[in-house]
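Protein chains: 4
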Amino acid sequence: MTRVGVIGATGYAGAELVRLLCGHPDIELTILTSRQYAGVAYDAIYPSMKNVTRLVCEDMIVDRICDKADVVFTALPHKLPMTIAPDLLHRGKKVIDLSADFRFTDAAVYESFYDGHKAKDLLKTSVYGLCEIYFEQIRNADLIGVPGCYPTSVLLPLIPVLRSKFVDMDTLIADSKSGVSGAGRSLSLTTHFCEANESFKAYKVATHRHNPEMEMVLSRETGVPTTLTFVPHLAPMTRGILTTIYAGLSQRISLDDVYDCFLSFYSECPFIRLFNGNKFPDTLYVRGTNYCDIGFKLDERNHRLILISAIDNLVKGAAGQAVQNMNIMLGLDETAGLLGVPFPI
Amino acid sequence: MTRVGVIGATGYAGAELVRLLCGHPDIELTILTSRQYAGVAYDAIYPSMKNVTRLVCEDMIVDRICDKADVVFTALPHKLPMTIAPDLLHRGKKVIDLSADFRFTDAAVYESFYDGHKAKDLLKTSVYGLCEIYFEQIRNADLIGVPGCYPTSVLLPLIPVLRSKFVDMDTLIADSKSGVSGAGRSLSLTTHFCEANESFKAYKVATHRHNPEMEMVLSRETGVPTTLTFVPHLAPMTRGILTTIYAGLSQRISLDDVYDCFLSFYSECPFIRLFNGNKFPDTLYVRGTNYCDIGFKLDERNHRLILISAIDNLVKGAAGQAVQNMNIMLGLDETAGLLGVPFPI
Amino acid sequence: MTRVGVIGATGYAGAELVRLLCGHPDIELTILTSRQYAGVAYDAIYPSMKNVTRLVCEDMIVDRICDKADVVFTALPHKLPMTIAPDLLHRGKKVIDLSADFRFTDAAVYESFYDGHKAKDLLKTSVYGLCEIYFEQIRNADLIGVPGCYPTSVLLPLIPVLRSKFVDMDTLIADSKSGVSGAGRSLSLTTHFCEANESFKAYKVATHRHNPEMEMVLSRETGVPTTLTFVPHLAPMTRGILTTIYAGLSQRISLDDVYDCFLSFYSECPFIRLFNGNKFPDTLYVRGTNYCDIGFKLDERNHRLILISAIDNLVKGAAGQAVQNMNIMLGLDETAGLLGVPFPI
Amino acid sequence: MTRVGVIGATGYAGAELVRLLCGHPDIELTILTSRQYAGVAYDAIYPSMKNVTRLVCEDMIVDRICDKADVVFTALPHKLPMTIAPDLLHRGKKVIDLSADFRFTDAAVYESFYDGHKAKDLLKTSVYGLCEIYFEQIRNADLIGVPGCYPTSVLLPLIPVLRSKFVDMDTLIADSKSGVSGAGRSLSLTTHFCEANESFKAYKVATHRHNPEMEMVLSRETGVPTTLTFVPHLAPMTRGILTTIYAGLSQRISLDDVYDCFLSFYSECPFIRLFNGNKFPDTLYVRGTNYCDIGFKLDERNHRLILISAIDNLVKGAAGQAVQNMNIMLGLDETAGLLGVPFPI
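Protein chains in written order, with the working numbering: chain A, 17 to 361; chain B, 17 to 361; chain C, 17 to 361; chain D, 17 to 361.
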């Protein structure tokens, strides 16, 4: 049975990895590390895990990690994964990184939005882990850059209609709304209960670091430099991203054309669910799941296509997609450990 | 002292009117009606009002209303105000209606999105009560159609930049997010706690009845037929609307140009607050107030202007703006009864 | 494989049954009924279930149910299960009822708090399905009355200390706080988002119908008539019950005595988790799980023992405990289908 | 016009003081201090205050404060007020402290739950500012220790029935539920949105520092040492405390006796609202107000009286009661600045 470790197991993405991996039938979770909580039992940090795991957080020591795990998830702030990934890969481990460090093929783009990159060579072989789109590359990869939560919610609905050339690539706008867990477990006034409750606000308007990540992928898809206006918002809920995309139509199409486009594009994809007939996604429907729900509407008066997607930012937007990548890399069923039945409410 | 009545006092807009009018220094609230709760003490319906008002809800009887009130607010579902307003006006009352019945100048537009109109004559003299824009007309009006909550949040940020010809009128998109109180007090699964909590969703995508209302005003402002793609969303909070507007630039402008445009346009408007310097509105900042907060950002890479507004849907989006209309009509200070200090949280 | 049906599948307890049964490895869910939604696909009612189940709700027809299912869960309002259970039992089905109809051994008690009972004979053989306490009886039962959510949260912490005679049975007080889902999916102002959000209130103070249910069990445990002051409250959250119990000490005991009492009493019980050392249960820790977390504190100055329990009202308080009963009745592992890994947040 | 200053103006109690004082008709708010935000405009810290105040936070310099203010509110962590209050009083200022520093008459009690006391002399003259109970002493005081939020919610319902000798003073239990703002603006995991949302929990079980404060007052009222079992809980909402009190009856009384007791006790008290006839307080009814709502129920089977109170922890539980104290001290109408009309939702 494949042995798996989680580096950075106590942030929300790490904790969600632990949740999914503890319930995964085909792997064994063997090591958790935490800079902040080394030496502390995991269920003392997350008491919901009492009786579920007896793992104790450890320091991040490469030798120890390599002894214990064949696949390593890194759920760390950016800049840290690039310092540890080369060692892990060198020792034959598969690395699935949830930060931005290995999402970009062009180090210069990374460096203009983040910091200096210390493992540029790896960018040549790392694969952008958007599973439904880059399945084949993932299957052969040793190093995955798991997409950001917002890019996942934007790219999955947008790529099919772009490939079908339904929309004009100069007109793309994405308006995203995220639950508070997207901001992580670090303390801040923004995520203080009393300042987030009954609050709805935009932030990093047209300046979010996921913007260049999305544009890199969009440009790869269209073959020409493609940009996107992107505005993220914070909603008073724990989990979920709802993204509304506005795109000008480049040709006369019908609702059926759009539906058929998605239906055929995602026919083999167990985590994509399509909504049509004036039904639309809701973050509540995907809470705790790895689904990406997609709905759409033609605004014919204005010659625009409106796409709406919903994901759980911690699952399909982070830990779930990371596990899906692992499944693909290991030749397991893509859905292994990811089909927990959704909650009705 | 002017005597004021509220017809339909137990829905949320009506209840907010009662709140504001009970605290208004220059008028006397004399009569409340409710079809559902006639005969019931108001503080038995809203126990927060214990010790504040002793009014008892009455049936909606025109003679009685006319005996008791000089100004009448109608906070009823559409189609009802048009049946009572003619009588009230005929007896010399001023009528401020919160439904859609008197917002449209063209009955055909109303009828295509609502129902048959039974008081078309009144549409010639009724005034669209967007106070900051149509102050002069309001001052002389006897009948006001108070703008919808979404239109208020869209028009106040958009009209100044349209008048300044900063943006291309073919590119207008408004993405609005509303608290649940916007759906009113009527029971439905959509507003059931367990289905609204942790839920974020779009609804009436590009088909909301506030769409033609906004386009009527925008067309009036631009002088040519002007359309808008509009998508409303429901957020898990009680109060507030945040609207994000995307508009293509029609000329090269700077952030200062936008700020100056708003600053001069709204220099005399006590309820408009401007945000600049990468600070943006938040529904929490306007909760319970009549303010409309406006922020903006230039997305220069994409030649777009992004406008962001926040209002309390029940105050500036309904009852507060209605009272502001009354103040203007009566020659009172525009802010009378509307300057309760905002809550920090 | 045992075939299972859910009668009343669209209320929240029914929907939670569907969730758990769809993920259960040892049974097959074969039929769902709904008076309100007969003929409607289940995933049209709960879109979170898209791709998970293709079952369509049916009318409640006994023949059809008996053709399709060996075990039948009834998740109906009280008075209805008693009309259908006799038929089901007569045809050899096992029946697990989530209403109050089969919780009482004494029909007179039932009738004084509910209505006339139409299947009194069955009360002689029905078993009160509090799994950790009545495991042996459940194993041999054909008809289970699943305990109410509040009684589960009160009895599991209270019975061990009562059996140990630590507390004076004349001093029992339980103060419970429930999420809104406890009120079900029926629409009411109490559960309207805007009236439940930011609201905390008591209801049915010392008059709740779960009070006699608890007293029946407590009296059975103590051997003498035992009463309880019980006050339920509604908290602004979807799921969870936290119960705080106050009991006068009948003897001098230490914290270790209490801990040891629980430890030995529940040593074989996979769903009981104990908190000690100034750590206490939290509804968030049990959200979506079948756990009952129990904590305690000695208030030595006042000679009282304070017990605190947390459950998910829809799982351990309803559907999860119902499935646990089924597992025991069928001789399956008690935990089958009930060990989904808890969420960190 | 009396000039007023707020020391520690940026915590939630301080911010609520600023809100109330900005709307107070009879005083002028002249100085705000903040250790953390000295030099920062108040509306940059709380943007809801844009257009409302132009005050800028200052360092806490006694000379400057004394120049600017006649009445000083100290909204600081305990231990700090005792270092500044002597100077302020010496210069003839009136001081209203919201910490625990001046609530106790016996320094030893303070020191056993807090820290060493550095201004013990002042405890002889400081007055416990529970306005409805100690009105006369407050009227003549120069230094007020404003009661804690929980003690306010416990003492106001309990003192009348204790004075009437309805209940046995050995049986007192208070189970309180507080919104998250009670934990203040300091960052912590407990108040992190994702850990507080959908979470209900007890904390400091029978060890909260408000326990001795309540017992001091109760003992003063009964004339003998009187204790109380007190368990506070945290509820997922911003504002509000609901307290449920359980007390054994010491005599045979009727519901009317209880109602009459409260009615006569609080006949002159504008901020006490009584609920009877199976109606009970709700935190939503008092949100943003200075009311303390009180309801009650006789549990005759168990010979207990159940009292239920609701307050807004930041208003009647802190800033509102502080302003009420100021009004009384200055001989103003007790309600000045405190009668903002409550919100319906």
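Heads up, the beta-carbon is just placed ideally off N, CA and C, and yes, glycines get one too.
Given the structure is predicted, the values throughout are model-derived calculations rather than measurements.
Under 8 angstroms between C-beta atoms, does residue i make it to chain B?
{"i": "V357 of chain D", "result": "yes"}
{"i": "E127 of chain C", "result": "no"}
{"i": "L365 of chain A", "result": "In the structure as shown, chain A begins at 17 and stops at 361. Residue 365 of chain A is therefore absent and cannot be evaluated."}
{"i": "R289 of chain D", "result": "yes"}
{"i": "P167 of chain D", "result": "no"}
{"i": "R362 of chain A", "result": "No information on residue 362 of chain A is available, as it lies outside the stretch 17 to 361 that chain A covers here."}
{"i": "F296 of chain A", "result": "yes"}
According to DSSP, is residue i part of a helix, a strand, or is it coil?
{"i": "R289 of chain C", "result": "strand"}
{"i": "G365 of chain B", "result": "Only positions 17 to 361 of chain B appear in the structure, and residue 365 of chain B is not among them; the question remains open."}
{"i": "D113 of chain B", "result": "strand"}
{"i": "E284 of chain D", "result": "coil"}
{"i": "I100 of chain A", "result": "helix"}
{"i": "S128 of chain C", "result": "helix"}
{"i": "A54 of chain A", "result": "coil"}
{"i": "A157 of chain A", "result": "coil"}
{"i": "V3 of chain B", "result": "Any answer about residue 3 of chain B is impossible in this case: the structure gives chain B only from 17 up to 361."}
{"i": "S325 of chain B", "result": "strand"}
{"i": "I257 of chain B", "result": "strand"}
{"i": "V68 of chain B", "result": "coil"}
{"i": "Y378 of chain A", "result": "Given a span of 17 to 361 for chain A in the structure shown, any question on residue 378 of chain A remains unanswerable."}
{"i": "C82 of chain D", "result": "helix"}
Let's test the definition: count the other Cβ atoms within 10 Å of the Cβ of residue i and tell me whether it reaches 16, buried, or not, exposed.
{"i": "R179 of chain B", "result": "exposed"}
{"i": "I322 of chain A", "result": "buried"}
{"i": "L45 of chain B", "result": "buried"}
{"i": "L205 of chain B", "result": "exposed"}
{"i": "E74 of chain D", "result": "buried"}
{"i": "P41 of chain B", "result": "exposed"}
{"i": "S192 of chain D", "result": "buried"}
Does any CB atom of chain A fall closer than 8 angstroms to the CB of residue i?
{"i": "V20 of chain C", "result": "no"}
{"i": "C210 of chain D", "result": "yes"}
{"i": "Y28 of chain C", "result": "yes"}
{"i": "R201 of chain D", "result": "yes"}
{"i": "T299 of chain B", "result": "yes"}
Give a yes or no on whether the minimum CB-CB distance between residue i and chain C is below 8 angstroms.
{"i": "P228 of chain D", "result": "no"}
{"i": "V247 of chain D", "result": "yes"}
{"i": "M253 of chain D", "result": "yes"}
{"i": "L361 of chain A", "result": "Before going on, a small fix: residue 361 of chain A reads as Ile here, not Leu. Yes - at least one Cβ of chain C is within 8 angstroms of the one on I361 of chain A."}
{"i": "S192 of chain B", "result": "no"}
Is there a Cβ of chain D sitting closer than 8 angstroms to that of residue i, yes or no?
{"i": "N318 of chain C", "result": "yes"}
{"i": "V68 of chain B", "result": "yes"}
{"i": "R51 of chain B", "result": "no"}
{"i": "S115 of chain C", "result": "no"}
For the stretch 184 to 192 of chain C against the stretch 200 to 207 of chain C, do three or more pairs of beta-carbon atoms, one drawn from each stretch, fall closer than 8 angstroms, so that the two count as touching? Look at the beta carbons and you see the stretch 184 to 192 of chain C not touching the stretch 200 to 207 of chain C: under three pairs across the two are nearer than 8 angstroms.
Three or more C-beta pairs closer than 8 angstroms, one from the stretch 334 to 351 of chain A and one from the stretch 25 to 33 of chain A: is that the case here? yes
My parser needs the alpha helix (DSSP H) runs of 4 or more residues fully inside the stretch 163 to 251 of chain B; what are they?
DSSP runs (the alpha helix (DSSP H)) wholly in the stretch 163 to 251 of chain B: 165 to 179, 209 to 212 and 226 to 238.
- Message: If contact is defined by three or more beta carbon pairs under 8 angstroms, each pair taking one atom from either stretch, is the stretch 248 to 256 of chain C in contact with the stretch 216 to 229 of chain C?
- Response: yes
When you compare the stretch 126 to 144 of chain D with the stretch 87 to 99 of chain D, are there three or more beta-carbon pairs, one atom per stretch, that lie closer than 8 angstroms?
yes
So, do the stretch 334 to 353 of chain D and the stretch 280 to 293 of chain D have three or more beta carbon pairs nearer to each other than 8 angstroms? yes
- Touching by the beta-carbon criterion (3+ pairs, under 8 angstroms), the stretch 309 to 326 of chain A and the stretch 80 to 98 of chain A: no
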